[in-house]
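Worksheet: one structure, shown below.
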Amino acid sequence: MDPDQNISYEALLLRYVELQDAARDLISANPKHSLNVHDTYLRLCQTYGYPLNNHYTEYLTRYAKVQAAIATGSQQGMLNTVRRLDFLSTYVGKFMWIPIFVTLSDCVLLHSLSLSCQQLDSDLVLLLTQSLSPLVQLASLDVSGNPIGCIGVQALIRLVQSSPTLTQCNIYGAASIVPLTRRLDAVLARNREHTSPSAVASH
Numbered sequence: 765m766d767p768d769q770n771i772s773y774e775a776l777l778l779r780y781v782e783l784q785d786a787a788r789d790l791i792s793a794n795p796k797h798s799l800n801v802h803d804t805y806l807r808l809c810q811t812y813g814y815p816l817n818n819h820y821t822e823y824l825t826r827y828a829k830v831q832a833a834i835a836t837g838s839q840q841g842m843l844n845t846v847r848r849l850d851f852l853s854t855y856v857g858k859f860m861w862i863p864i865f866v867t868l869s870d871c872v873l874l875h876s877l878s879l880s881c882q883q884l885d886s887d888l889v890l891l892l893t894q895s896l897s898p899l900v901q902l903a904s905l906d907v908s909g910n911p912i913g914c915i916g917v918q919a920l921i922r923l924v925q926s927s928p929t930l931t932q933c934n935i936y937g938a939a940s941i942v943p944l945t946r947r948l949d950a951v952l953a954r955n956r957e958h959t960s961p962s963a964v965a966s967h
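Start counting the sequence shown at 765; every next residue gets the next number (the working numbering).
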């Protein structure tokens with residue numbers, strides 16, 4: 765499947781919802797009948813014809829090992845191997861982001877995500893922000909160097925507002941207007957204030 769930069773948001777969303785529904789069926793509440801996030805990503809790509817991204821697959825391999833270790837209480841020293849995911853060294857086509865975004869929702873141990881210079885537009889950022897909402901430990905997001913417009917920045921603002929742990933969001937190079945950039949900075953500052961040691965100690 766070749767990436768198509770002209771695909772509409774509606775078409776992207778349909779594909780996203782299709783894979784999201786399929787992922788829910790694969791990741792069951794019953795561990796005996798559930799695939800881990802690594803195997804879910806592989807199954808989605810194989811079933812629906814999306815190319816695998818090797819960099820992401822390697823990350824999910826580590827993530828699956830950490831999941832298994834957590835289940836047996838032997839995760840000590842392993843968590844840091846999955847805290848950060850950086851796509852800086854690998855370009856992913858527009859279609860290939862869909863199964864990645866769908867399965868990112870289950871990478872709840874992720875603290876830092878870099879999607880710098882990946883040609884993400886506002887449509888992809890809208891899907892990305894849906895995917896990141898469940899990641900309650902996410903503290904840093906880098907989407908700098910992407911052609912993100914005002915709609916995408918507004919989606920990022922909403923994500924930061926609903927994610928109190930998210931204190932860093934780099935959008936350098938986005939095609940946004942100054943008021944939106946300032947609003948994002950203000951929301952990030954509010955999150956940093958609420959997560960500071962003094963603020964935590966006062967509660």
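Note that the Cβ used here is the ideal one computed from N, Cα and C, for glycine as well.
Simplified DSSP state of residue i, which is helix, strand or coil
| i | result |
| --- | --- |
| N736 | Only positions 765 to 967 of the chain appear in this structure, which leaves residue 736 out of reach. |
| Q810 | helix |
| R847 | coil |
| C871 | coil |
| V781 | helix |
| L920 | helix |
| L776 | helix |
| L729 | With the chain covering only 765 through 967, there is no way to say anything about residue 729. |
| F859 | coil |
| Q925 | helix |
| C914 | helix |
| T854 | coil |
| V900 | coil |
| I771 | coil |
Exposed unless 16 or more other CB atoms sit within 10 angstroms - verdict on residue i
| i | result |
| --- | --- |
| L843 | exposed |
| H802 | buried |
| N955 | buried |
| A919 | buried |
| Q894 | buried |
| I921 | buried |
| D789 | exposed |
| V900 | exposed |
| V924 | buried |
| H967 | For H967, the predicted structure reports a pLDDT of 42, less than 50, and the residue's modelled location is therefore unreliable. A value from the coordinates is still provided. Exposed is the call here. |
Option nearest residue i by Cα separation, candidates the options
| i | options | result |
| --- | --- | --- |
| L892 | Y780, S772, I771 and A775 | Y780 |
| Y827 | L930, C914, L874 and V889 | L874 |
| Y812 | S886, Q839, P863 and L799 | P863 |
| R847 | S886, M860, R788 and S876 | S876 |
| I912 | A938, Q932, Q925 and L899 | A938 |
Residue i - containing alpha helix (DSSP H), residue span
| i | result |
| --- | --- |
| S895 | S886 to L896 |
| L824 | N818 to T836 |
Boundaries (first-last residue) of the beta strand (DSSP E) holding residue i
| i | result |
| --- | --- |
| L905 | S904 to D906 |
| S876 | S876 to S878 |
Please list the segments of the alpha helix (DSSP H) lying wholly inside the stretch 927-953, counting only runs of 4 or more residues, in order along the chain. Within the stretch 927-953, no complete alpha helix (DSSP H) run reaches 4 residues.
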